[in-house]
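Structure first, then comments.
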Amino acid sequence: MARVGVTVSSKVGRAVVRNRVKRRLREAVRSELSGLPAVDLVIVARASAAQGTVAEFRAWLKRAAARMQKGAGR
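Numbering of the sequence shown is given in the numbering used here, commencing with residue 822 and proceeding in unit increments.
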């Protein structure tokens with residue numbers, strides 16, 4: 822089971838925006854957690870994440886999981 826931490830700096834926006842990004846990221850992680858490999862993952866949100874949707878974050882996590890799986894076989 823993967824362990825995931827989410828951090829959103831003040832560069833992303835004010836508290837309302839940061840909390841919205843954190844909620845969306847946490848929802849995306851909850852949806853995709855079973856597809857993630859057993860790793861410790863830290864997600865650092867950038868300023869562009871302020872416009873991201875849950876669906877976009879889920880797609881990003883799927884791509885990241887595929888890259889992690891591919892890299893594990895080395």
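Ideal placement from N, C-alpha and C gives every residue a C-beta, glycine not left out.
Quick caveat, the model's predicted, so the values are computed rather than measured.
In three-state DSSP terms, what is G857?
The count along the sequence shown starts at 1 and reaches residue 857 at position 36. This sequence places Leu at residue 857; Gly is not what is there. If DSSP states are grouped into helix, strand and coil, L857 belongs with coil.
Exposed unless 16 or more other CB atoms sit within 10 angstroms - verdict on V833
Counted from its first residue, the sequence shown places residue 833 at position 12. Answer is buried; the Cβ neighbour count reaches 16.
Spatial neighbours of I864 in its chain, beta-carbon cut-off 8 angstroms, leaving aside the 5 residues before and after
As a working mapping, residue 864 is identified with position 43 in the sequence shown. For I864, where only same-chain residues beyond five positions count, the Cβ hits under 8 angstroms are V825, G826, V827, T828, L846 and V850.
Chain-order list of residues whose beta-carbon lies under 6 angstroms from that of D861 (same chain, five-residue window excluded):
As a first step, residue 861 is located in the sequence shown; it is residue number 40 there, counting from the start. These residues qualify, in order along the chain: R824.
Note down the Cα distance separating M889 from R839, rounded to an integer number of angstroms.
Here the question's residue 889 lines up with position 68 in the sequence shown. Here the question's residue 839 lines up with position 18 in the sequence shown. Those two C-alpha atoms are separated by around 27 angstroms.
Other residues of its chain near R879: CB distance less than 8 angstroms, five sequence neighbours each side excluded
Your numbering for residue 879 matches position 58 in the sequence shown. A849, S852 and E853.
Under DSSP, the beta strand (DSSP E) around V825 begins and ends at which residues?
For this step, residue 825 is matched to residue 4 along the sequence shown. R824 to V829 is the extent of the beta strand (DSSP E) around V825.
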